Amino acid sequence: MENPHGPASFWTQTDALFRKNLLLQKRRKKETCQLLFFPVILCTLLYLLKFFLSRGAKLGNAFPPGYACSDVEQVYNFTKCLIPWPHEFPPLLQIPYSRDRAVRTAFPPFGDLPDGSCKKSNSCPVTVLVTGSNKSLVLDLAGRFFPRSSILNTSDILNGFADGVFGTSAFVDHSNYRPKMYFDPAFLPGGTLYNIQRRCRRNSSSSLGSEGNKLDIKCIKGLRLWRNSSSEINDQIFKGDRDGNSERITNEIIAAYDLLNSNDKKFNTSVWYKSALNEGDQGKNSMMRVARSVNLVSNAYLEYLRGTDFKILFEFVKEMPKHPDSSSAAVDDLIAMFSTTFFVWIVLRLIPVILANLVYEKQENIRIMMEMHGLGDGPYWLISYIYFLPISSAYMLCFSAYCSFLGLGSFKTHDYSLQFVFFYVYINLQIAFSFLVARMLSKVKTTSVVAYLIVFATGLVGVRSFKDKVDDPSFPRNLVTVLELYPGLALYRVFHEFSVKAREARLSHTSGMTWEDLNDSSNGMKEVLIIMVVEWFVFLFVSYCLDNKSSIFCFRRKPNPFSQRTFSSDFGSADNADIAQEREKVEELRVRPDRTYSIMCDNLRKVYPGMDGNPQKVAVHGLSLALARGECFGMLGPNGAGKSTFIKMMIGLTRPSAGTAFVEGLNIQTEMERVYTSMGVCLQHDLLWETLTAREHLLFYGRLKNLKGPALHRAVEESLRSVNLLNGGVADKQVGKYSRGMKRRLSVAISLIGDPKHANIIHVNLSYNKVVFMDEPSTGLDPASRNELWKVVMRAKRNRVIILTSHSMEEAEHLCDRIGIFVDGSLQCIGNAKQLKARYGGFYVFTITTSPDHDQEVETSVRRLSPSANKTYHLSGTQKFELPKNEVKIADMLEIVEVAKSKFTVQAWGIADTTLEDVFIKVARGAEAFNVI
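Residue numbering for the sequence shown is 117 to 1049, as defined by my numbering.
Put into C-alpha cells, the structure is as follows:
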C-alpha cells in the first residue's frame, strides 16, 4: 500500500498529469477544432481542383463527366472517352494506301506484282517480300504468314488482334483535327481496320461500334513474293519509294524479310519496315509496326516447327511521350501526383503541433518545474504520448473519412482495415520521431522553422526525386529502402502506392489494395510497414534514453561526486573568519553527517566556457555552505553576482562544473530525481500555464506531492488563503488574466504545497517540502501582499530550509536567519543581520547641512571628536560622516550640532545607525576593489 507521507507513486503522478492535460485540452477546444478542420479544407480544395480540371479536359466529349470507357470503346471511340493514361497500343501492320500499294511499273521490273489497274477498284493486295539461303523453307514460312480466314473477337478486342493479321493505314484525313494519338489514327471515327487474309470472299467486310462511331473492318489480300537476294529487295523498295511535287511514284510494301541461314534448328532473320510515312503521320507510329512485323515471321516459324496449335501472342506497346493536353489522362496523372504530395503535407502538419508543445515546455522550464515537484520521467512520457495519440488519431480519422466521403481513390478504393493499420502505425512513428527531434531543439521559434521545413521539404523531395526512384525499376531497391528509413518518405511511399493501385482499380474495375497485395514485392508496402513498426520502437527507446538521465540504458557515465571536488582559495577574502568557519563546518559534516542539516554545499563551482573570443566566466567560485533545518538563508548580491546560477545548480537546471551539493543527504549530481521529491521551487520567472486557474495549479502540484482527498482540498484552500488568492473568485480565474504580483503569489504557494503530515504545526496550509528555493519571491508585489507573503514564509520555514534571494534589504532582514552576500560569484560574508551590521557597520552615520562656507569648520569639529571618522558624502554644504561607535557617543554628536548652531545656521542634521543596505554596499565595494587589485 502506498505510503501517504512518502513520494507520490507512478500512478498517482500519472493521474495528476493526466488531469492537468485534460484541463489544458479542454481550454484549447478552438485550436483543436482548427487543427481537425485543416485536412477538410485542403481535401475540399483538392477535390474542387480535380473536378474543374477533369471537367475542362472532357469538354466536348459525348460521354458524361467521369465516364470510363471499356477497352472496346477506347479502341474505336477513344476521343469520347476518359483515358487516364496512354493505353496499351495494339501493334498492327502498316497498310499502304490503295494508290500506293506495289504494282508492276517500269521502275521495279518484277512481273509477279499485280497489274496497276487494281488501283481503280481499290482492290490491290498488300505485298510482303522474302528472301534467304534456303528458298524452300522461306517459301514455306511465307505461305504461313496470312491465315485463310479470321474474325476479330469483339468481346476481347485488344487480345483479339493476336488471332489474325490486322493492319491500319498510316494516315486518315480528318479536317480540323490534329491527331495526338493514343491509338492508331484508323480508330478515329470513319477509320478502317484491315484484316489481311490469303483470299477475300464477297461480303467479307464488317464493322464495329454504333452508328456515328463506326469502325469499318475490311478484308485485304496478302501477297508473298520471293526475291533472289536482299539487294533486290532493297533496290525495289528504293525505286518504288520516289516522291516528287508533280509526280507521286510509290510502290509500298508492308514488310520484307531475309531469312538468312535459317533452317530447322536455327531461326535467323532480318526485317525491313517503313521508317517514314507520307503526309500527316510522318513516322510517328513506325516503330510500333515493328513488333507486329517480327511477330508475323516468328509465328510462322513456330507453326512450321510445332503445328497450328501453337501461336506467339504479341506484346503491347505504348507511345511516349504524350502531350498533357491530349486527354484527361494527363489531368488524372497531375491530380494523382499533387494528391500524394498534399496528403503527405496534411499528415505531417501534426509534427509542428507536437514539437511546439514539447519544446515550449522545455524552453519555459515547465517540465523541469514539474520534476522539481516530484514528477518522474515515466509518468511524463506515458501521459505526453497518450496526450498526442488521441489528437493524432482524431486528426487522421477526420482526414481519411472526409477524403473517402469525397470519393478520392486513395482512400475510398482500398481495404479500410489496411489503411487503419498503416495510418495508425505511422502516427505512432510520427509521435516518436517528434520526441526525438524535440531533444535537439530548445527554442519554439527555431522549432517552428525546422518543423515546417520538414513538412514542405518532405513533400517536395518526394514528388521531385523519390517518386521517380520508386517508379524506376533500374534504381536499386535497397537504396529505396534506405530512403524510406526517413519517416516522411515512408509515408510518401504509402500514399504513392495507394494512388497507383487506385488508378489501376479504376481502369480495370477491380478492388483497390488489400492485405494480399502486401505480398507483392513490386509495391514495397510490406517493407514500408516493417520499417515503420521497427522505427516506432527504436525512436521511442532512443528518445527515452537521451531524456532519462538516470537510465542505465543511456550508456552515459555518471559523474563521481568526489572526483570533481577541488579545493580553492577563491571563496572570499582571507580574513573572512565566518567563511572559513563555514567551510570547516562542511568538512566536519562530510566526516560526521548530521541529519539536522538539510543542505550541504561542498566547494560548488560553475564555469561558463568562453564564446566568440570572450574569456570563460566563473559564475560561482568554490562555495561551501551548510544549512540546518528550520533556517531561512538569504542570498544578497548585485546583479550578475551568481545567486541565480547557484539556485539553478541546486534545482538541477544546470550542472556544476566542480564540487557537489547534498540535499537531505542526496547528491544533486547523481540523485536529482529523489531530491525533487522533497523540494519546492519558486523561480525568478513564473512557470505557469496561462489557461489553468490558480486552484487547478495547486491541485496538480498537490497531487504530485501525494496529497489526496480532503487533505488535498484543505491544503489548496489554505494555500490560496495564505497568499490572498481566495477571495473575489480570483482562485478560479485563468492565470493568463493575473497581474505580475498575483502570479508571484501563486508561484510561492506552489513552492510550499505538499505533504500535510505536519498540519498540527503549520495549520495544514503549508507544505512539507523539506527544502524550498525562492528566487526574489516578492518581486512585483504591493506592500500589503508583500507583508502577507512574509507571514507565509515565516510560518513555512519551520522544519525546513528556505533559501531566498532578494534585492530588498528589508525583506532579507525580516525573514532570514542568516544572510550571505555574494559578489562576483564568491561568498564574501555570512551571518545574521545583527552580526553583519556589527562586523561591517560598527559606526554611526552623521549627516549635517550648512552653508558651503562652513564646510571646513564642520569637518574640523567632527574629526576633533573622532580622528578616524570617514567622510562618505560632500555636496553643496551637505556632508555625511561614518563615526566608529567605539570612539563616540550620541551625546557628543548632539553637542557638535549645538555648537554649530550657535555659530552659524544649521539647515538640517541627522544621526542614524548602520543599516543592512550600508553593510551590503560596503562589502560589495570592498570585494570589487579587492578583485581589481
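C-beta atoms are modelled at their ideal positions from N, C-alpha and C, and glycine is treated no differently.
Keep in mind it's a predicted model, so treat the numbers as computed, not measured.
Residue(s) in a DSSP beta bridge with I918:
To locate residue 918, count along the sequence shown from 1; it is residue 802. DSSP output for I918 lists C748 and V888 as bridge partner(s).
Which ranges would you report for the alpha helix (DSSP H) in the stretch 688-745 if only whole runs of at least 4 residues count?
693-707
Length at least 3, wholly inside the stretch 943-981: the beta strand (DSSP E) runs in chain order
959-966
Check W342 in the structure and name its three-state DSSP category.
On the sequence shown, residue 342 is found 226 positions in, with the first residue counted as 1. Correct three-state label for W342: strand.
Three-state class that DSSP yields for W805 in the structure shown
In the sequence shown, counting from the first residue as 1, residue 805 sits at position 689. Three-state DSSP puts W805 in coil, outside helix and strand.
Within a Cβ cutoff of 8 angstroms, which residues of the same chain sit near F126, ignoring the five residues on either side of it in sequence?
Within the sequence shown, numbered from 1, the residue matching residue 126 stands at position 10. Contacts found: G492, G494 and P495.
Kindly list the residues whose CB is nearer than 7 angstroms to the CB of F669, restricted to its own chain and excluding five residues on each side of it in sequence; keep chain order.
Locating residue 669 in the sequence shown gives position 553, where the first residue counts as 1. The pLDDT assigned to F669 is 45, lower than 50, so where the model puts this residue is not dependable; a value taken from the coordinates is nonetheless given after this. Around F669: C661.
Under 8 angstroms between the Cβ atoms of R314 and V244?
Here residue 314 refers to the residue found at position 198 when the sequence shown is read from its first residue. Here residue 244 refers to the residue found at position 128 when the sequence shown is read from its first residue. No. Outside cutoff.
I'd like the list of long-range same chain contacts for K456, defined as Cβ closer than 6 angstroms, with 5 residues on each side in sequence excluded.
Stepping through the sequence shown from its first residue, residue 456 is reached at position 340. One detail in the question is off: residue 456 reads as Thr in this sequence, not Lys. Taken in chain order, the residues that qualify are F611, H612 and S615.
Enumerate in chain order the residues of its own chain whose CB-to-CB distance from A744 is below 6 angstroms, with the five nearest sequence positions on each side excluded.
Residue mapping note: residue 744 aligns to position 628 of the sequence shown, counting from 1. Taken in chain order, the residues that qualify are T712 and Y713.
Between I467 and the rest of its own chain, which residues show a CB-CB distance below 7 angstroms, the 5 nearest in sequence each way excluded?
Position 351 of the sequence shown holds residue 467. The residues are Q546, S550, A567, I570 and V571.
Can you give the Cα-Cα distance for T597 and V586, rounded to whole angstroms?
By one-based count along the sequence shown, residue 597 stands at place 481. By one-based count along the sequence shown, residue 586 stands at place 470. If you take the alpha carbons of T597 and V586, they lie about 10 angstroms apart.
Using a 10 Å radius around the Cβ and a threshold of 16 neighbouring Cβ atoms, would you call Y511 buried or exposed?
For the purposes of this step, residue 511 is taken as the residue at position 395 of the sequence shown. So Y511 counts as buried.
Beta-carbon proximity check, L268 vs I333, cutoff 8 angstroms:
Here residue 268 refers to the residue found at position 152 of the sequence shown. Here residue 333 refers to the residue found at position 217 of the sequence shown. Yes; because the gap between Cβ atoms is below 8 angstroms, this pair is in contact.
8 angstroms contact criterion, which L208 and G283 should meet: CB distance rounded
By one-based count along the sequence shown, residue 208 stands at place 92. By one-based count along the sequence shown, residue 283 stands at place 167. Between G283 and L208 the Cβ distance is about 5 angstroms, and since that is below 8 angstroms, they are a contact.
For the beta strand (DSSP E) containing H489, name the first residue and the last one.
In the sequence shown, counting from the first residue as 1, residue 489 sits at position 373. Where H489 is concerned, there is no enclosing beta strand (DSSP E), given that its DSSP letter is neither H nor E.
C-alpha distance - N664 paired with W497, whole-angstrom precision:
Within the sequence shown, numbered from 1, the residue matching residue 664 stands at position 548. Within the sequence shown, numbered from 1, the residue matching residue 497 stands at position 381. Approximately 10 angstroms, taken between the alpha carbons.
Measure the Cβ-Cβ separation of S867 and C932 and say whether it is below 8 angstroms.
The residue given as residue 867 occupies position 751 in the sequence shown. The residue given as residue 932 occupies position 816 in the sequence shown. It is not a contact, given that the beta carbons lie outside the stated cut-off.
What's the gap between the Cα of S526 and the Cα of S520?
Within the sequence shown, numbered from 1, the residue matching residue 526 stands at position 410. Within the sequence shown, numbered from 1, the residue matching residue 520 stands at position 404. Each residue's Cα considered, the two are about 8 angstroms apart.
Check whether the stretch 413-432 touches the stretch 246-260, taking contact to mean three or more Cβ pairs, one atom from each stretch, closer than 8 angstroms.
yes
On the DSSP letters alone, give me the boundaries of the alpha helix (DSSP H) that G575 sits inside.
Looking up residue 575 in the sequence shown gives position 459. Taken as a continuous stretch (DSSP letters only), the alpha helix (DSSP H) holding G575 covers V560 to V577.
Kindly list the residues whose CB is nearer than 7 angstroms to the CB of F1036, restricted to its own chain and excluding five residues on each side of it in sequence; keep chain order.
Here residue 1036 is taken as the residue at index 920 of the sequence shown, counted from 1. For F1036, where only same-chain residues beyond five positions count, the Cβ hits under 7 angstroms are L752, M925 and I937.
With 16 other Cβ atoms within 10 Å as the buried cut-off, status of V565:
As a first step, residue 565 is located in the sequence shown; it is residue number 449 there, counting from the start. That one is exposed.
Whole angstroms are fine: how far does the CA of A278 sit from the CA of R405?
Here the question's residue 405 lines up with position 289 in the sequence shown. Here the question's residue 278 lines up with position 162 in the sequence shown. The straight-line gap from Cα to Cα measures roughly 14 angstroms.
Span of the beta strand (DSSP E) around K996
On the sequence shown, position 880 is the one that residue 996 refers to. That run of the beta strand (DSSP E) goes T994 to P1000.
Whose CA, out of K859, K886 and G338, lies closest to the CA of R902?
Taking the sequence shown and counting its residues from 1, one reaches residue 902 at position 786. Comparing Cα positions, the closest option is K859.
Spatial neighbours of Y542 in its chain, beta-carbon cut-off 8 angstroms, leaving aside the 5 residues before and after:
Counted from its first residue, the sequence shown places residue 542 at position 426. Excluding residues within five positions, the ones whose Cβ falls inside 8 angstroms are V463, P603, A606, L607, V610 and M648.
Does T793 come out as helix, strand or coil in the three-state DSSP assignment?
Counted from its first residue, the sequence shown places residue 793 at position 677. In this structure, T793 counts as coil in the three-state DSSP scheme.
As assigned by DSSP and simplified to three states, the class of L842:
By one-based count along the sequence shown, residue 842 stands at place 726. Correct three-state label for L842: coil.
Of the residues A735, T1021 and L513, which one's Cα is nearest the Cα of T966?
Numbered from its first residue, the sequence shown carries residue 966 at position 850. That would be T1021, whose Cα lies nearest to the Cα of T966.
Mind checking which residues open and close the beta strand (DSSP E) that includes I312?
Taking the sequence shown and counting its residues from 1, the one referred to as residue 312 is at position 196. Here the beta strand (DSSP E) through I312 covers T308 to Q313.
If you draw a straight line from the C-alpha of V387 to the C-alpha of D374, how long is it?
Walking along the sequence shown from the start, residue 387 turns up at place 271. Walking along the sequence shown from the start, residue 374 turns up at place 258. Rounded to whole angstroms, V387 to D374 spans 7 angstroms at the Cα level.
Within the continuous alpha helix (DSSP H) that includes L1010, where are the two ends?
For the purposes of this step, residue 1010 is identified with residue 894 of the sequence shown, where counting begins at 1. Start and end: I1006 to K1019.
Determine the burial state of Q732: buried for a count of at least 16 other Cβ atoms within 10 Å of its Cβ, exposed for fewer.
Numbered from 1 along the sequence shown, position 616 holds the residue referred to as residue 732. Answer is exposed; the Cβ neighbour count stays below 16.
Considering only residues of the same chain and omitting the five flanking positions on each side of V644, which have a CB-CB separation below 7 angstroms?
Position 528 of the sequence shown, counted from the first residue, corresponds to residue 644. Excluding positions up to five away in sequence, the list reads E600, A606, R609 and V610.
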